[in-house]
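Per numbering that gives the first Met the number 0, the sequence shown starts with residue 0, numbered consecutively. The C-beta atom is built at its ideal place from N, Cα and C for all residues, glycine as well. For clarity, every value in this text was computed on a predicted model and none was experimentally measured. Everything below concerns the one structure shown next.
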Amino acid sequence: MSHNGTLDEHYQTVSEFYDGKSVFITGATGFLGKAYVEKLAYSCPGIVSIYILIRNKKGSNTEERMRKYLDQPIFSRIKYEHPEYFKKIIPISGDIAAPKLGLCDEERNILINEVSIVIHSAASVKLNDHLKFTLNTNVGGTMKVLELVKEMKNLAMFVYVSTAYSNTSQRILEEKLYPQSLNLSEIQKFAEEHYILGKDDDEMIKFIGNHPNTYAYTKALAENLVAEEHGEIPTIIIRPSIITASAEEPVRGFVDSWSGATAMAASTLKGWNYIMYSTGEENIDLIPLDYVVNLTLVAIAKNKPTKEVTVYHVTTSDLNPISIRRIFIKLSEFASKNPTSNAAPFAATTLLTKQKPLIKLVTFLMQTTPAFLADFWMKTQRKEAKFVKQHNLVVRSRDQLEFFPSQSWLLRCERARVLSAGLGDSGRAVFRCDPSPIDWDQYLPIYFEGINKHLFKNKF
0 MSHNGTLDEH YQTVSEFYDG KSVFITGATG FLGKAYVEKL AYSCPGIVSI YILIRNKKGS
60 NTEERMRKYL DQPIFSRIKY EHPEYFKKII PISGDIAAPK LGLCDEERNI LINEVSIVIH
120 SAASVKLNDH LKFTLNTNVG GTMKVLELVK EMKNLAMFVY VSTAYSNTSQ RILEEKLYPQ
180 SLNLSEIQKF AEEHYILGKD DDEMIKFIGN HPNTYAYTKA LAENLVAEEH GEIPTIIIRP
240 SIITASAEEP VRGFVDSWSG ATAMAASTLK GWNYIMYSTG EENIDLIPLD YVVNLTLVAI
300 AKNKPTKEVT VYHVTTSDLN PISIRRIFIK LSEFASKNPT SNAAPFAATT LLTKQKPLIK
360 LVTFLMQTTP AFLADFWMKT QRKEAKFVKQ HNLVVRSRDQ LEFFPSQSWL LRCERARVLS
420 AGLGDSGRAV FRCDPSPIDW DQYLPIYFEG INKHLFKNKF
(Lines of atoms letter the chains of each structure in order from A and count residues from 1; the text may use other names and numbers.)
(Lines give C-alpha, C1' and ligand atoms only; values in the text may rest on other atoms or scores of the structure.)
Protein backbone atom coordinates (compact mmCIF):
# COMPACT_ATOMS: atom_id res chain seq x y z
CA MET A 1 0.00 0.00 0.00
CA SER A 2 1.45 3.38 -0.97
CA HIS A 3 1.32 6.48 1.22
CA ASN A 4 -1.52 7.99 -0.82
CA GLY A 5 -3.77 4.99 -0.14
CA THR A 6 -3.53 3.40 -3.61
CA LEU A 7 -2.34 -0.15 -4.23
CA ASP A 8 1.22 -0.47 -5.49
CA GLU A 9 2.14 -3.18 -7.99
CA HIS A 10 3.74 -5.38 -5.31
CA TYR A 11 0.78 -5.26 -2.91
CA GLN A 12 -0.72 -8.70 -2.33
CA THR A 13 -4.33 -9.00 -1.25
CA VAL A 14 -5.39 -11.52 1.37
CA SER A 15 -7.13 -13.62 -1.27
CA GLU A 16 -4.04 -13.59 -3.49
CA PHE A 17 -1.91 -14.86 -0.62
CA TYR A 18 -3.82 -18.16 -0.74
CA ASP A 19 -3.32 -18.62 -4.50
CA GLY A 20 -1.65 -21.96 -5.22
CA LYS A 21 -1.74 -23.02 -1.56
CA SER A 22 -3.40 -25.93 0.21
CA VAL A 23 -4.79 -25.74 3.75
CA PHE A 24 -5.42 -28.48 6.33
CA ILE A 25 -8.14 -27.80 8.91
CA THR A 26 -8.91 -29.79 12.04
CA GLY A 27 -12.26 -29.28 13.74
CA ALA A 28 -13.78 -28.62 10.31
CA THR A 29 -17.14 -30.10 11.28
CA GLY A 30 -17.55 -27.67 14.19
CA PHE A 31 -19.25 -24.27 14.22
CA LEU A 32 -16.02 -22.30 13.66
CA GLY A 33 -14.30 -24.94 11.54
CA LYS A 34 -17.11 -25.01 8.96
CA ALA A 35 -16.88 -21.24 8.65
CA TYR A 36 -13.13 -21.43 7.96
CA VAL A 37 -13.76 -23.97 5.20
CA GLU A 38 -16.53 -21.90 3.62
CA LYS A 39 -14.66 -18.59 3.67
CA LEU A 40 -11.48 -20.05 2.20
CA ALA A 41 -13.41 -21.77 -0.58
CA TYR A 42 -15.60 -18.76 -1.39
CA SER A 43 -13.28 -15.77 -0.98
CA CYS A 44 -9.96 -17.33 -2.03
CA PRO A 45 -10.69 -18.71 -5.52
CA GLY A 46 -7.00 -19.35 -6.20
CA ILE A 47 -6.67 -21.85 -3.34
CA VAL A 48 -5.79 -25.37 -4.52
CA SER A 49 -7.22 -27.66 -1.83
CA ILE A 50 -8.85 -27.46 1.59
CA TYR A 51 -8.24 -30.72 3.42
CA ILE A 52 -10.57 -31.35 6.35
CA LEU A 53 -10.15 -33.95 9.08
CA ILE A 54 -13.35 -36.00 9.45
CA ARG A 55 -13.98 -38.95 11.77
CA ASN A 56 -15.25 -42.16 10.25
CA LYS A 57 -18.72 -43.16 11.39
CA LYS A 58 -20.17 -46.64 11.30
CA GLY A 59 -22.79 -47.06 8.59
CA SER A 60 -21.81 -43.85 6.80
CA ASN A 61 -19.16 -43.65 4.09
CA THR A 62 -17.05 -40.57 3.47
CA GLU A 63 -18.88 -39.62 0.28
CA GLU A 64 -22.25 -39.63 2.03
CA ARG A 65 -20.89 -37.63 4.97
CA MET A 66 -19.41 -35.02 2.63
CA ARG A 67 -22.72 -34.69 0.77
CA LYS A 68 -24.51 -33.97 4.07
CA TYR A 69 -21.67 -31.71 5.24
CA LEU A 70 -21.77 -29.49 2.13
CA ASP A 71 -25.58 -29.41 2.13
CA GLN A 72 -25.63 -27.36 5.35
CA PRO A 73 -26.94 -23.75 5.22
CA ILE A 74 -23.49 -22.30 5.87
CA PHE A 75 -22.39 -23.44 2.38
CA SER A 76 -25.44 -22.05 0.56
CA ARG A 77 -23.71 -19.17 -1.24
CA ILE A 78 -21.10 -21.55 -2.69
CA LYS A 79 -23.85 -23.97 -3.67
CA TYR A 80 -25.75 -21.32 -5.62
CA GLU A 81 -22.91 -19.12 -6.91
CA HIS A 82 -19.86 -21.36 -7.35
CA PRO A 83 -20.67 -25.05 -6.85
CA GLU A 84 -17.42 -25.93 -8.63
CA TYR A 85 -15.54 -24.73 -5.51
CA PHE A 86 -16.82 -27.77 -3.60
CA LYS A 87 -14.28 -29.90 -5.49
CA LYS A 88 -11.51 -28.15 -3.54
CA ILE A 89 -12.87 -29.38 -0.18
CA ILE A 90 -11.30 -32.80 0.37
CA PRO A 91 -12.07 -35.06 3.35
CA ILE A 92 -9.26 -36.78 5.23
CA SER A 93 -10.36 -39.65 7.47
CA GLY A 94 -8.93 -39.34 10.96
CA ASP A 95 -9.48 -38.54 14.62
CA ILE A 96 -7.77 -35.85 16.68
CA ALA A 97 -7.65 -38.20 19.69
CA ALA A 98 -6.24 -41.24 17.82
CA PRO A 99 -2.55 -42.16 17.52
CA LYS A 100 -1.00 -40.25 14.61
CA LEU A 101 -4.42 -38.60 14.16
CA GLY A 102 -5.76 -41.89 12.78
CA LEU A 103 -4.36 -41.06 9.33
CA CYS A 104 -3.53 -43.75 6.81
CA ASP A 105 -0.04 -43.54 5.25
CA GLU A 106 -1.33 -42.40 1.87
CA GLU A 107 -3.34 -39.45 3.20
CA ARG A 108 -0.63 -38.53 5.68
CA ASN A 109 1.84 -38.28 2.80
CA ILE A 110 -0.59 -36.12 0.82
CA LEU A 111 -0.75 -33.66 3.72
CA ILE A 112 3.03 -33.73 4.24
CA ASN A 113 3.75 -32.98 0.58
CA GLU A 114 0.96 -30.56 -0.32
CA VAL A 115 -0.14 -28.53 2.68
CA SER A 116 1.36 -25.12 3.39
CA ILE A 117 -1.06 -23.83 6.07
CA VAL A 118 -2.55 -25.72 9.04
CA ILE A 119 -5.46 -24.37 11.10
CA HIS A 120 -5.88 -26.47 14.23
CA SER A 121 -9.33 -25.65 15.61
CA ALA A 122 -10.39 -29.10 16.85
CA ALA A 123 -11.07 -29.20 20.58
CA SER A 124 -13.23 -30.69 23.28
CA VAL A 125 -15.41 -27.71 24.24
CA LYS A 126 -17.32 -29.29 27.13
CA LEU A 127 -16.46 -26.87 29.92
CA ASN A 128 -16.40 -29.36 32.79
CA ASP A 129 -15.59 -32.64 31.09
CA HIS A 130 -13.16 -34.81 33.04
CA LEU A 131 -9.55 -33.69 32.75
CA LYS A 132 -8.57 -37.11 31.38
CA PHE A 133 -10.66 -36.51 28.24
CA THR A 134 -10.04 -32.79 27.71
CA LEU A 135 -6.32 -33.36 28.20
CA ASN A 136 -6.28 -36.13 25.60
CA THR A 137 -8.08 -34.03 22.99
CA ASN A 138 -6.94 -30.46 23.66
CA VAL A 139 -3.32 -31.13 24.60
CA GLY A 140 -2.64 -34.61 23.24
CA GLY A 141 -4.40 -33.79 19.98
CA THR A 142 -2.37 -30.60 19.61
CA MET A 143 0.85 -32.56 20.15
CA LYS A 144 -0.14 -34.99 17.37
CA VAL A 145 -0.92 -32.12 14.99
CA LEU A 146 2.46 -30.53 15.79
CA GLU A 147 4.20 -33.82 15.03
CA LEU A 148 2.51 -33.89 11.62
CA VAL A 149 3.24 -30.22 11.01
CA LYS A 150 6.97 -30.76 11.58
CA GLU A 151 7.01 -33.29 8.73
CA MET A 152 5.34 -30.96 6.23
CA LYS A 153 7.70 -29.93 3.45
CA ASN A 154 6.17 -26.61 2.41
CA LEU A 155 4.62 -25.27 5.59
CA ALA A 156 4.22 -21.48 5.69
CA MET A 157 2.09 -21.12 8.84
CA PHE A 158 0.67 -23.11 11.75
CA VAL A 159 -2.40 -21.65 13.48
CA TYR A 160 -3.60 -22.78 16.90
CA VAL A 161 -7.13 -21.66 17.74
CA SER A 162 -7.39 -21.16 21.50
CA THR A 163 -9.78 -19.08 23.63
CA ALA A 164 -9.53 -15.60 25.10
CA TYR A 165 -10.58 -17.15 28.43
CA SER A 166 -7.53 -19.40 28.75
CA ASN A 167 -6.02 -17.15 31.46
CA THR A 168 -8.90 -15.68 33.44
CA SER A 169 -6.87 -15.08 36.61
CA GLN A 170 -5.78 -11.85 34.86
CA ARG A 171 -8.40 -9.08 34.70
CA ILE A 172 -6.65 -7.39 31.77
CA LEU A 173 -5.53 -9.91 29.18
CA GLU A 174 -2.90 -8.91 26.68
CA GLU A 175 -2.05 -10.45 23.31
CA LYS A 176 0.81 -12.47 24.73
CA LEU A 177 1.55 -15.89 26.17
CA TYR A 178 0.97 -16.57 29.85
CA PRO A 179 3.35 -19.25 31.17
CA GLN A 180 1.89 -22.45 32.62
CA SER A 181 3.55 -25.36 34.38
CA LEU A 182 3.88 -27.91 31.59
CA ASN A 183 4.87 -31.15 33.27
CA LEU A 184 2.57 -33.19 31.04
CA SER A 185 3.50 -36.59 32.48
CA GLU A 186 2.60 -35.36 35.96
CA ILE A 187 -0.67 -33.82 34.74
CA GLN A 188 -1.60 -36.99 32.85
CA LYS A 189 -0.82 -39.13 35.90
CA PHE A 190 -3.10 -37.00 38.09
CA ALA A 191 -5.90 -37.08 35.49
CA GLU A 192 -5.72 -40.87 35.13
CA GLU A 193 -5.64 -41.50 38.88
CA HIS A 194 -8.46 -39.04 39.55
CA TYR A 195 -10.61 -40.74 36.91
CA ILE A 196 -9.86 -44.33 37.93
CA LEU A 197 -10.29 -43.72 41.66
CA GLY A 198 -13.35 -41.51 41.18
CA LYS A 199 -12.05 -38.76 43.47
CA ASP A 200 -14.23 -35.75 44.27
CA ASP A 201 -14.34 -32.54 42.26
CA ASP A 202 -12.71 -30.45 45.00
CA GLU A 203 -9.37 -32.08 44.28
CA MET A 204 -9.77 -31.39 40.56
CA ILE A 205 -10.65 -27.73 41.22
CA LYS A 206 -7.56 -27.37 43.39
CA PHE A 207 -5.36 -28.99 40.74
CA ILE A 208 -6.40 -26.70 37.85
CA GLY A 209 -5.80 -23.64 40.05
CA ASN A 210 -7.15 -20.29 38.85
CA HIS A 211 -8.81 -21.74 35.74
CA PRO A 212 -12.63 -21.89 35.84
CA ASN A 213 -12.90 -25.31 34.18
CA THR A 214 -10.93 -28.10 32.52
CA TYR A 215 -11.57 -26.62 29.06
CA ALA A 216 -9.84 -23.31 29.85
CA TYR A 217 -7.06 -25.12 31.72
CA THR A 218 -6.22 -27.47 28.84
CA LYS A 219 -6.37 -24.65 26.29
CA ALA A 220 -3.81 -22.74 28.35
CA LEU A 221 -1.63 -25.84 28.50
CA ALA A 222 -1.94 -26.32 24.75
CA GLU A 223 -0.88 -22.71 24.09
CA ASN A 224 2.29 -23.28 26.06
CA LEU A 225 2.87 -26.60 24.31
CA VAL A 226 2.64 -24.85 20.95
CA ALA A 227 5.08 -22.16 22.11
CA GLU A 228 7.60 -24.77 23.29
CA GLU A 229 7.27 -27.27 20.45
CA HIS A 230 6.70 -25.24 17.26
CA GLY A 231 10.44 -25.01 16.56
CA GLU A 232 11.22 -22.99 13.42
CA ILE A 233 7.66 -23.15 12.11
CA PRO A 234 5.97 -19.72 11.79
CA THR A 235 3.15 -19.95 14.32
CA ILE A 236 0.25 -17.80 15.50
CA ILE A 237 -2.35 -18.30 18.22
CA ILE A 238 -5.89 -17.00 17.70
CA ARG A 239 -7.86 -16.25 20.86
CA PRO A 240 -11.55 -15.58 20.17
CA SER A 241 -13.88 -14.69 23.02
CA ILE A 242 -17.47 -16.03 23.08
CA ILE A 243 -18.31 -16.79 19.45
CA THR A 244 -21.85 -15.89 18.42
CA ALA A 245 -23.85 -15.92 15.17
CA SER A 246 -22.36 -14.45 12.01
CA ALA A 247 -23.00 -10.75 11.47
CA GLU A 248 -22.95 -10.74 7.67
CA GLU A 249 -21.45 -13.83 6.08
CA PRO A 250 -21.70 -16.46 4.81
CA VAL A 251 -25.31 -16.37 6.01
CA ARG A 252 -26.50 -13.49 8.18
CA GLY A 253 -27.20 -14.74 11.70
CA PHE A 254 -25.86 -18.25 11.09
CA VAL A 255 -25.44 -20.26 14.29
CA ASP A 256 -25.68 -24.02 14.77
CA SER A 257 -23.98 -24.44 18.14
CA TRP A 258 -25.90 -24.57 21.43
CA SER A 259 -22.90 -23.65 23.57
CA GLY A 260 -21.98 -20.55 25.57
CA ALA A 261 -23.99 -17.37 25.21
CA THR A 262 -26.18 -18.97 22.56
CA ALA A 263 -27.44 -21.59 25.01
CA MET A 264 -28.43 -18.91 27.51
CA ALA A 265 -30.04 -16.66 24.88
CA ALA A 266 -32.01 -19.61 23.49
CA SER A 267 -33.15 -20.66 26.98
CA THR A 268 -34.29 -17.11 27.69
CA LEU A 269 -36.17 -16.72 24.40
CA LYS A 270 -37.94 -20.01 24.98
CA GLY A 271 -38.88 -19.23 28.57
CA TRP A 272 -36.74 -22.03 30.02
CA ASN A 273 -34.66 -19.79 32.28
CA TYR A 274 -35.73 -16.75 34.32
CA ILE A 275 -32.73 -15.85 36.45
CA MET A 276 -28.96 -15.50 36.14
CA TYR A 277 -26.02 -14.95 38.48
CA SER A 278 -24.98 -11.42 37.47
CA THR A 279 -25.55 -7.81 38.52
CA GLY A 280 -26.09 -6.93 34.87
CA GLU A 281 -23.32 -4.33 34.92
CA GLU A 282 -20.60 -6.80 33.94
CA ASN A 283 -19.33 -6.68 30.37
CA ILE A 284 -19.55 -9.88 28.36
CA ASP A 285 -17.22 -10.33 25.42
CA LEU A 286 -19.15 -11.54 22.36
CA ILE A 287 -17.63 -11.83 18.90
CA PRO A 288 -19.55 -12.68 15.70
CA LEU A 289 -18.39 -15.79 13.86
CA ASP A 290 -17.31 -14.04 10.66
CA TYR A 291 -14.98 -11.67 12.53
CA VAL A 292 -13.10 -14.63 13.98
CA VAL A 293 -12.75 -16.28 10.58
CA ASN A 294 -11.67 -13.09 8.82
CA LEU A 295 -9.13 -12.11 11.48
CA THR A 296 -7.57 -15.58 11.31
CA LEU A 297 -7.22 -15.58 7.54
CA VAL A 298 -5.87 -12.02 7.47
CA ALA A 299 -3.38 -12.80 10.26
CA ILE A 300 -2.09 -15.80 8.31
CA ALA A 301 -1.63 -13.70 5.18
CA LYS A 302 -0.16 -10.59 6.80
CA ASN A 303 1.77 -11.87 9.82
CA LYS A 304 5.51 -11.31 9.54
CA PRO A 305 7.12 -14.61 10.57
CA THR A 306 9.28 -14.48 13.69
CA LYS A 307 10.77 -17.14 15.95
CA GLU A 308 8.25 -16.21 18.63
CA VAL A 309 4.58 -17.15 18.60
CA THR A 310 2.32 -14.17 17.84
CA VAL A 311 -1.01 -14.00 19.68
CA TYR A 312 -4.10 -12.37 18.19
CA HIS A 313 -7.23 -11.60 20.20
CA VAL A 314 -10.59 -11.47 18.43
CA THR A 315 -12.57 -9.72 21.15
CA THR A 316 -14.82 -6.73 21.82
CA SER A 317 -14.48 -5.74 25.50
CA ASP A 318 -11.51 -3.49 24.74
CA LEU A 319 -12.86 -1.65 21.71
CA ASN A 320 -16.63 -2.09 21.82
CA PRO A 321 -17.92 -3.39 25.19
CA ILE A 322 -21.48 -4.47 25.94
CA SER A 323 -23.06 -5.20 29.30
CA ILE A 324 -25.07 -8.25 30.35
CA ARG A 325 -28.06 -6.03 31.14
CA ARG A 326 -28.07 -4.49 27.67
CA ILE A 327 -28.13 -7.95 26.09
CA PHE A 328 -31.11 -9.05 28.19
CA ILE A 329 -32.97 -5.83 27.41
CA LYS A 330 -32.46 -6.54 23.71
CA LEU A 331 -33.57 -10.14 24.25
CA SER A 332 -36.78 -8.93 25.85
CA GLU A 333 -37.42 -6.43 23.05
CA PHE A 334 -36.82 -9.08 20.42
CA ALA A 335 -39.08 -11.62 22.14
CA SER A 336 -41.95 -9.14 22.38
CA LYS A 337 -41.74 -8.47 18.64
CA ASN A 338 -40.94 -12.05 17.59
CA PRO A 339 -42.60 -14.50 19.97
CA THR A 340 -40.95 -17.92 19.76
CA SER A 341 -43.34 -20.81 19.18
CA ASN A 342 -44.32 -22.62 22.40
CA ALA A 343 -42.60 -19.96 24.53
CA ALA A 344 -43.87 -19.41 28.06
CA PRO A 345 -45.98 -16.28 28.86
CA PHE A 346 -43.04 -14.51 30.54
CA ALA A 347 -40.35 -15.64 28.09
CA ALA A 348 -37.28 -13.38 27.88
CA THR A 349 -37.99 -11.92 31.34
CA THR A 350 -34.77 -12.49 33.27
CA LEU A 351 -33.84 -11.45 36.78
CA LEU A 352 -30.17 -10.60 37.25
CA THR A 353 -28.88 -11.06 40.80
CA LYS A 354 -25.97 -12.38 42.83
CA GLN A 355 -28.23 -13.57 45.67
CA LYS A 356 -27.82 -17.37 45.56
CA PRO A 357 -30.90 -18.09 47.77
CA LEU A 358 -33.05 -15.99 45.43
CA ILE A 359 -31.69 -17.88 42.41
CA LYS A 360 -32.63 -21.19 44.04
CA LEU A 361 -36.12 -19.94 44.95
CA VAL A 362 -36.93 -18.50 41.51
CA THR A 363 -35.55 -21.60 39.81
CA PHE A 364 -37.75 -23.84 41.98
CA LEU A 365 -40.93 -21.80 41.54
CA MET A 366 -40.60 -20.70 37.92
CA GLN A 367 -38.70 -23.59 36.35
CA THR A 368 -38.52 -26.80 38.41
CA THR A 369 -42.15 -26.92 39.53
CA PRO A 370 -43.67 -26.19 36.09
CA ALA A 371 -41.36 -28.82 34.54
CA PHE A 372 -42.57 -31.52 36.99
CA LEU A 373 -46.21 -30.52 36.47
CA ALA A 374 -45.79 -30.58 32.69
CA ASP A 375 -44.25 -34.05 32.82
CA PHE A 376 -47.04 -35.28 35.11
CA TRP A 377 -49.61 -34.06 32.58
CA MET A 378 -47.67 -35.68 29.70
CA LYS A 379 -47.72 -39.02 31.52
CA THR A 380 -51.47 -38.81 32.05
CA GLN A 381 -51.75 -38.37 28.28
CA ARG A 382 -49.41 -41.34 27.72
CA LYS A 383 -46.87 -39.09 26.05
CA GLU A 384 -43.14 -38.84 26.55
CA ALA A 385 -42.14 -36.90 29.67
CA LYS A 386 -39.33 -34.55 28.63
CA PHE A 387 -39.63 -31.28 30.52
CA VAL A 388 -37.72 -32.22 33.70
CA LYS A 389 -34.85 -33.55 31.62
CA GLN A 390 -34.82 -30.35 29.56
CA HIS A 391 -34.99 -28.24 32.73
CA ASN A 392 -32.02 -30.08 34.24
CA LEU A 393 -29.94 -29.47 31.10
CA VAL A 394 -30.77 -25.75 31.15
CA VAL A 395 -29.90 -25.33 34.84
CA ARG A 396 -26.70 -27.34 34.47
CA SER A 397 -25.65 -25.19 31.51
CA ARG A 398 -26.53 -21.98 33.37
CA ASP A 399 -24.54 -23.04 36.45
CA GLN A 400 -21.51 -24.07 34.38
CA LEU A 401 -21.49 -20.66 32.69
CA GLU A 402 -21.99 -18.75 35.96
CA PHE A 403 -18.31 -17.80 36.17
CA PHE A 404 -18.41 -15.68 33.00
CA PRO A 405 -21.43 -13.32 33.34
CA SER A 406 -20.61 -12.70 37.01
CA GLN A 407 -17.42 -10.72 36.32
CA SER A 408 -15.70 -8.60 33.68
CA TRP A 409 -12.43 -8.85 31.80
CA LEU A 410 -10.68 -6.42 29.49
CA LEU A 411 -9.40 -8.43 26.52
CA ARG A 412 -6.98 -6.30 24.51
CA CYS A 413 -7.49 -6.42 20.74
CA GLU A 414 -4.99 -4.02 19.20
CA ARG A 415 -3.57 -6.33 16.53
CA ALA A 416 -6.95 -6.80 14.84
CA ARG A 417 -7.21 -3.04 14.34
CA VAL A 418 -3.68 -2.84 12.93
CA LEU A 419 -4.34 -5.69 10.50
CA SER A 420 -7.64 -4.19 9.39
CA ALA A 421 -6.11 -0.75 8.86
CA GLY A 422 -3.52 -2.24 6.53
CA LEU A 423 -6.03 -3.88 4.21
CA GLY A 424 -7.43 -0.91 2.34
CA ASP A 425 -11.14 -0.37 1.67
CA SER A 426 -11.57 -3.31 -0.72
CA GLY A 427 -9.73 -5.70 1.62
CA ARG A 428 -11.80 -4.62 4.61
CA ALA A 429 -14.98 -5.18 2.64
CA VAL A 430 -14.07 -8.83 1.99
CA PHE A 431 -12.28 -9.60 5.26
CA ARG A 432 -14.03 -7.52 7.91
CA CYS A 433 -12.05 -8.15 11.13
CA ASP A 434 -12.03 -4.96 13.23
CA PRO A 435 -14.84 -5.37 15.81
CA SER A 436 -14.86 -1.74 16.96
CA PRO A 437 -17.59 -0.61 14.47
CA ILE A 438 -20.07 -3.38 15.43
CA ASP A 439 -23.43 -1.79 16.24
CA TRP A 440 -24.86 -4.01 18.97
CA ASP A 441 -28.39 -2.63 18.54
CA GLN A 442 -28.30 -3.83 14.94
CA TYR A 443 -26.37 -7.04 15.50
CA LEU A 444 -28.20 -8.55 18.49
CA PRO A 445 -31.58 -8.92 16.69
CA ILE A 446 -29.67 -10.65 13.85
CA TYR A 447 -28.15 -13.01 16.41
CA PHE A 448 -31.48 -13.78 18.08
CA GLU A 449 -33.22 -14.28 14.74
CA GLY A 450 -30.42 -16.68 13.81
CA ILE A 451 -31.19 -18.69 16.94
CA ASN A 452 -34.86 -18.80 15.93
CA LYS A 453 -34.10 -19.77 12.35
CA HIS A 454 -31.16 -22.16 12.61
CA LEU A 455 -31.60 -23.74 16.04
CA PHE A 456 -35.29 -23.75 16.95
CA LYS A 457 -36.35 -24.63 13.41
CA ASN A 458 -34.33 -27.83 13.54
CA LYS A 459 -35.20 -28.79 17.09
CA PHE A 460 -38.81 -27.88 17.71
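Looking from the CA of Glu192, the closest CA among Phe206, Leu181, Arg64, Ala219 belongs to Phe206. If you check the CB distance, Tyr159 and Ala221 come in under 8 Å.
Using a Cβ distance threshold of 8 Å, Asn272 and Gln366 count as a contacting pair. Shown here for Arg64: same chain residues with a beta carbon closer than 8 Å to its own, the five before and five after excluded, namely Ile53, Lys56, Pro90 in chain order.
Cβ-Cβ distances below 6 Å link Glu113 to Ser21 in the same chain, with the five nearest sequence neighbours on each side left out; the list follows chain order.
Judged by their CB atoms, Leu410 and Ser258 are not nearer to each other than the 8 Å cut-off. Sixteen is the threshold: when 16 or more other Cβ atoms of the shown chains lie within 10 Å of the Cβ of Val254, as they do, the residue is buried. If one requires a minimum length of 4 residues, the alpha helix (DSSP H) runs lying completely within the region 4-52 are 13-16, 30-42, in chain order. If you compare the alpha carbons of Asp424, Ser407, Cys432 with that of Leu418, the shortest gap goes to Cys432. By the beta-carbon neighbour count (other beta carbons within 10 angstroms, threshold 16), Pro436 is exposed.
For Thr309, there is no enclosing alpha helix (DSSP H); the residue is part of the beta strand (DSSP E) that begins and ends at 309-313.
If you draw a straight line from the Cα of Asn135 to the Cα of Thr162, it is about 18 Å long. Phe403 and Gln389 have their alpha carbons spaced roughly 22 Å apart. In the displayed model, Tyr164 falls within coil according to three-state DSSP, outside both helix and strand. Distance from the CA of Glu80 to the CA of Ser48, rounded to the nearest whole angstrom, comes to 19 Å. For Ile328, there is no enclosing beta strand (DSSP E); the residue is part of the alpha helix (DSSP H) that begins and ends at 323-336. The region 197-266 contains, as complete beta strand (DSSP E) runs of 3+ residues, the segments 234-239, 241-243 (chain order). Nearest Cα to Leu145 within the set Leu422, Lys329, His119, Leu130: His119.
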